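Using the UniProt record's numbering, the first residue of the sequence shown is number 1, and each one after it goes up by one.
The beta-carbon is built from N, C-alpha and C at its ideal position, and this holds for glycine as well.
It should be emphasised that the depicted structure is a prediction, and the values quoted were computed from it without experimental measurement.
Structure first, commentary second.
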Amino acid sequence: MVSELGYKVEPQWHSKPNFIRVICVGAGAAGLLVAYKMKKDFKNYELVCYEKFVLTYQSSMGTSANGSKGTPELVEHEWSTFYAYAPEIKQYFEKFADKYDLHPNIKLNSKVLSATWVEDKGIYEVEVDVEGRKINDWCHVIINGTGFLNDWKWPKIEGLHDFEGKLLHSANWDSSVDYTDKTVAVIGTGSSAIQIVPQVQKKAKHLTTFMRSVTWISPPVGGQVLEEDKSHSSDSKQTQAPQAQYWYTEEDKKRFREDPQALLEYRKKLESSVNNLFDMFIAGSETSQWAEKLMREEMHRRIGPGHEELKEKLIPKWAPGCRRITPGDGYLEALVKDSEHTKCVIDMDPANEATDVTPVHNEIVKVVPEGLIDDAGRLHKVDILVCATGFNLAFAPPFKVLGVNGVSMADEFNPEPQVYLALTVPKFPNYFVVNGVRGNWAAGTALPSHEVQVEYILQCMKRMQEENIRALEVKMEPVKQLYEHIDEWHKGSVWNSDCKSWYKNNIVGGKLWIWGGSRINSLLKSAESSLDSMKAARYHGRRDLRVEDVDVPQIVDGQVLIQIEWCGICGSDLHEYLVGPGIIPQKDAPHPLTGAVMPVTMGHEFCGRVTKVGPNSKFQIGQPVMVDPRVFCSNCHSCNIGDTNICNSWGFLGLQSPDGGGFSEYVAVKEEMCHVLPDSIPLSEAALIEPLTVARHATKKSGFDDYRDKTILVLGGGPVGLALIFVLRASGFGKLIVSEPTSQRQEQAAKFVDMVLNPREISVPEKCRIMPGLKDGMDALRRGGTYVNVAGWERECVVPMEHFMLKEIIFRASMSYTAEDFKQTVDEFVAGKFEGFEKLVTARIALDDIVKKGFEELVNHKDDHVKILVTPMKELHNCAVATGRAEAVTHWRLETIFVFWQPKFWAPKDNIINILSRRFPASFLVSRLPTSMDAHAHLLSLGWAGPGHSLDSRPYKQKGHRGLAYDPAKVGNNGVGLVKPLLISQRKGRFGVGKKAHEPQAGNQWWLKGFENALGNIGKSESERSSGTTTPVAYGHGTGKHGGLYSFFVKGQEMEGTIGKVGEFTRASKKRKSDALNDGEKDDTAESTSLKKKREAATEFEEAGAYFALRDKDEKRGQRVQRQDPVVEFEQVGEYLQARLQKRQKKRKSKVGPGATDLDTPVEVDNEEPSTPNKVESKEERQERRRRRKEKREQRRKALFDLENQRQNVSPANSIAKDSDGTADRRTQRRRGKAQVLPSHQMAEGDL
């Protein structure tokens, strides 16, 4: 059978990752890191790094201490100087590539021109210029490692290209140019000019530097680390005073080479020396003021006495850090030609004499063939003109990128780029960039950021390989949230000062495009960022509740991850929403135990299922749990005596905890907070356990152990008041009275109490909240009675002490509950002692609607509601298969979709995941495994529903097979134990692709509509879960075996509700059928065969909101279907098949008639079946068996025909009934199965 369906086992090892092809643009630091780490950690991949040489000018210098440069795998590189120069940096990377054999992955002289996302293939098509020849390439993932400063620019000066001398740009350096004894001009005062000027000064005849803006020249970053060692002091022979460039001695190199720990400590000190100074970038901070004073004094000292005009024109007025800070080794000294420090300190030979340098502060107005003219009209004749004028800030990559639906990244980045964590861009799946927009551009060296970001990218790619994910794309919402945070942070930074900087795209007062925070903050954010996000309702302030995308929490030891199913809106939540923050900690006063501050995820009355556990956990994935949300210290006096509800640092998940709350998709909680629920308890009801626990604790605080002879007055019929009623009912009481002013709650309470009273002044309690309730309660109490307060007070209460005194009233307060209370309530709930409490739920809403349909609904229509439950799963629309009247139906909400597709295809044609994710906010599990029978059966047994076998296999399609009978205890990974497909429906035709598409069938079937291209086939219902029956719906699309390119398995949850007029589809037939959406008065035979009518009916069906419907024969009789565990269900299926087989055999025997002899039945009735149902027949065996069966049937037909001919002469007394004309209607009776076959002793003599 399996071979007939086209299934075969692929020859591959277990957990083999999918093949992935990657293109990295650039083979610099980022490209080499990608190549090295993929070679180390990846299998079944291909990587190409295309490199076009840029930034090759010689003798440039790194602006950070090299001791902290480099990857940990190659820190043994022996650097010559504290600040490394370009040749040695290049040597370092070449050594790195050689050591790890990365050259095969690199293609030089290759420039990427464009990358276009191809949706149906899930790849980028890439065009590359290889040494002037264009080629086409492709990849699953493209990584942009070109950096953000790669688009160098010429200055906008009239006549620039009329210059007849040599014109150079710092970013496009020509190493062949010799400037010995030449007159040279350098334009700019940025980091490039600061590095070039001292180098050119060594050989040039004269150097003129045009200084267009002011800049800070800092002391050596990390220099204090060297000062700690006497051998590295400024008077050392190895140190070039006064700028403290240091040449490492052979002794230094030997020490670092032989003592790796010493090198590690040295590197740590260098990193710390940079990180500890980050406070200088906070505007107005003491460190910022100290740094400004230090740099100003250092620049004055290095320039020397006099030169006041230079100091005035060069030293900024704004705080250090607004522009990039550069140590500037030798730059200030080079500018002062008459200074004692005229010697070029960069020259390895200190004996060389320095060239005179002329700083010019005038603007350049024009370039002429022989030189430059400034705004004073002076002509500066030069032989070589160097433009150190920087770059266009490369928001968009230097090549064309087209994403989803052909959108251009250049257009998307205009006017502002949207990049998440400087790594990935919305609308551009599988596109990554290293240290992109809003990355770590200003705080410390870049290589550590490169490493962390490359690790993040590789983590994404590994997940794509292992989980068969075709495309990863960041959503826009987290990008917006991150940008809001960065913009707010920058308001207090020195980078926001009034300077002109490429950090702001050279716009004074412009938007900052660097990371908002320290380098450590950037590294940790990138390293900790989750690949998964979820929806959560977060409290930002009074009436400011936002549904936002946040990271799915990560569990630690002793925690479990809970997928939230239901969470109730509590009065405490509503109180905080209206008049808070009260108990929710504000930013200036974090919670003393948890450290939580706003914003926090709200919701504490929640339940769900365990989805992730730690090592040695006592919980199992899939277990339903109710969560005790309390937070306490366990150390104070109250906790030590068991009163954890009044802990000195009490709190709740969803109010005072940073770990999340119930108004989200997931929450990480401690194991001891979870109470396992039996499968018999629906989770849609279990969320009510928490308010019942509050009521249970209040009854204990009253001091009474027995209420059966007590008269009890409950003031208020809200959620807690009604919970008190149910708890008291469970305990037994003498008489129960409720005082409630609103009619809705009066009606609810009247069902369960002896008497419901209206307060004497209905308007006063509503206007003044609960204050009159205290006095009303005192007046109603007998002398010596007990008053238990459970309510929260929104304002200060004036206590009527005379009531207490005169009547000796006992006042007790009830706060929250203890662990004992929670466990007791859970046990009572499971035991059914609060039956009917679930009916007090007046609304169930989706998380996306929590503000409008939840909190605002309670504010504006409080009297209409008792309890509103919230679910993070969006409900599906409903459909009743009815005849035009309103009817109660079963609702379902989609939980999870599992997508299979064939291994030979990388992705389905229609990008089905994007289609589904836009329509349904469900969880998606994506697999590139074959949609084989064993995989299908395994999912079916675990509570899923799916096609189970080929939708296009003719024998099974004709027989109506839908699903598999399966023993989960026997089937392993190799499919051993797979049993025969289960025959569920004999009706021919199917949903999906083909002639009968969009033509549903009546009967005990489930229907799902709402996917994009075709409807799914029908599956059989499966075992009942604690929250309802999961949806046994399958969806197949495409052609070929096993559902074509992809198939769907779906899970959902049962809900309750009603829907108005909708209609029923019917199959075409010669008999009369009711019309699709009309009253069914006319025969639709002609219409049902018309394709036009079918389409019209399908359109009406969709417009009626028909997404999901249940038509079950048991429910037609008004019975609730009690579905069983998969193993039990399998046993029932076996019994069903056995009973069905016996029924068929009995039916076949009955056709022969009682007392038949061998003579009457010369040919034996065909009862041949395969000896073992599980045996897989070959094609030839199956054809032979069918031939024999056909031959036997023909023999039997002929024998019966001959027998009838013999009986034509039977006497009337022994003959069968005849018509009025005396002719026996044998054909009619045979067709009805009633033709009589008479035994021989009843025949007349001679009849034979």
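Taken in chain order, the complete beta strand (DSSP E) segments of 3 or more residues contained in the segment 88 to 143 are 110 to 118, 123 to 130, 133 to 139. Judged by their CB atoms, Ser816 and Arg696 are not nearer to each other than the 8 angstroms cut-off. With the rule of 3 Cβ pairs closer than 8 angstroms, the segment 423 to 432 counts as touching the segment 466 to 477. With a cutoff of 8 angstroms on beta-carbon distance, Ser110 and Val126 are scored as not near each other. Pairing Ile584 with Met598 gives a Cβ-Cβ distance under 8 angstroms. Closest in C-alpha terms to Arg212, from the list Asn405, Gly614, Gly390, comes Gly390. Inclusion of Ala185 and Val382 in the CB contact set at 8 angstroms is warranted, their separation being smaller than that value.
Leu264 and Tyr179 have their C-alpha atoms roughly 41 angstroms apart. Looking at the DSSP output, Leu655 bridges to nothing.
The continuous alpha helix (DSSP H) containing Thr693 extends over residues 689 to 701. Note that the C-beta distance between Ile194 and Tyr83 is not below 8 angstroms. Around the Cβ of Trp650, a 10 Å sphere holds 16 or more other Cβ atoms; the residue is buried. Annotation: the continuous beta strand (DSSP E) that includes Arg844 extends over 841 to 846. If the five residues before and after Pro17 are omitted, its C-beta is found closer than 7 angstroms to the C-beta atoms of Lys43, Asn44, Gln465, Glu466, all from its own chain and listed in chain order. Secondary structure within the segment 400 to 426: the beta strand (DSSP E) runs of 3 or more consecutive residues, fully enclosed, are 400 to 402 (chain order). Relative to the Cα of Thr215, the nearest Cα in the group Pro872, Ser191, Arg1182, Arg1197 belongs to Ser191. Between Ser114 and Phe395, the CB-CB gap reaches or exceeds 8 angstroms. Residue state for Val34 is assigned as helix, using DSSP reduced to three classes. Its chain contains Gly571, Pro691, Val866, Lys867 as the residues whose beta carbon lies nearer than 7 angstroms to that of Pro719, once the 5 sequence neighbours on both sides are disregarded; these appear in chain order. Here the C-alpha atom of Pro872 lies approximately 8 angstroms from the C-alpha atom of Asp848. Take the alpha-carbon of Ile143 and the one of Glu131: they are about 21 angstroms apart. Rounded to the nearest angstrom, the gap between the Cα atoms of Met626 and Pro478 is 30 angstroms. Counting the other CB atoms within 10 Å of its CB gives Glu1180 a total below 16, which places it among the exposed residues. With a cutoff of 8 angstroms on beta-carbon distance, Val547 and Lys535 are scored as near each other. DSSP places Met476 in the helix class (H, G or I) of the three-state scheme. A check of alpha carbon separations from Ser743 across Glu802, Asn789, Lys862 identifies Lys862 as the nearest. By a beta-carbon distance limit of 8 angstroms, Ala819 contacts Asp628. Their separation comes to about 7 angstroms.
In the DSSP assignment, Ile303 falls within the alpha helix (DSSP H) that extends over 286 to 303. Partner residues in the beta bridge of His206, as assigned by DSSP, are Thr183, Asp356. A direct Cα-to-Cα measurement between Ile569 and Gly147 gives close to 49 angstroms. Under DSSP, Ile20 shares a beta bridge with Tyr45. The Cβ atoms of Asp679 and Pro624 lie closer than 8 angstroms to each other. Here Pro260 is exposed, its C-beta having fewer than 16 other C-beta atoms within 10 Å. Under DSSP, the beta-bridge partners assigned to Ile384 are Lys166, Val184. Fully enclosed beta strand (DSSP E) runs of no fewer than 3 residues occupy 605 to 613, 624 to 627 of the segment 594 to 639, in order along the chain.
Distance between Glu251 and Leu561, taken at the CA atoms: about 54 angstroms.
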